[in-house]
Structures are given as structure tokens and as C-alpha cells.
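At position 10 of the sequence shown the residue is numbered -4 (our numbering), and the sequence of numbers has no breaks.
Cβ coordinates follow ideal geometry from the N, Cα and C atoms, glycine included.
Just so you know, these numbers come straight off a predicted model, no measurement behind them.
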Amino acid sequence: MTTPPAPVPPLPTARIVTGCSVAGLVLLLPTVVLAWLAVFASERGGRCLTYGERCSTVPGEALWACFWAAALLGVLALAWPRTRWRPVRYGAVALQWGAQLTLGGLILSGA
């Protein structure tokens, strides 16, 4: 009589994807705060704060869209089952990091 096969644990790559998603969610607010600090520490950012001159032309809606896209994609990647449609999870994490890096770049472009 043969024994049934042991359950297969999740692949290590699934854990890596989960780790990348969690890291993105944890680093989202520090990315925004540090990017704004870098902007406000610049000469242009100081003039914007003091005199309202030479402020960024990046629309606030674009910044909020990138922020919420990164947050929602990170949560989606965490909530998605590890074993079903793995490429969807990979894509969600890639888009999460893309949105997060775009957000940081858009904030810094105002510097």
C-alpha cells in the first residue's frame, strides 16, 4: 500500500512575491515623505513654500492616483491566492513598484 503524497508547500517564489509586496507597502509612506523632504530642502521647493513661486506643475491628481494605485495593487497581491494565477500576482507586484517609483519620481520632478 502506498502512502499519499505530502501536500506541496507554496513555492519559494510565491514567498518572494509576498515579501516584495509587503516591502512596497511598508516603504510607500517613507518614499513619499523622503521625496517631499528632498523637494522642500531644494532652493526651488523653498521658494514655493515661502513665496508660492516656481511650484511643481505636476497635478495633484496624478500623485494621488499613483499613491492609491501602489497601495491597492500591494493589497491585491497580498490577498490573491498564492497558487492561483501566479502571473497575476507577479504583475500586480510589478505594477505596484512601478506606481510607487513613478510617484517618487513625480514628486522629485518638482524639485
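Check the Cα spacing between residue 56 and each of 46, 34, 31, 79: the tightest is with 79. Distance from the Cα of residue 25 is smallest, within the candidate group 12, 68, 13, 40, for 40.
Cβ contact annotation for residue 21 (same chain, cutoff 6 Å, sequence separation greater than five): 90, 93, 94, in chain order.
Less than 8 Å separates the beta-carbon of residue 3 from that of residue 63. Per the coordinates, the alpha-carbon of residue 42 lies some 30 Å from the alpha-carbon of residue 8.
For residue 15, the closest of 54, 29, 38 by C-alpha to C-alpha distance is 54.
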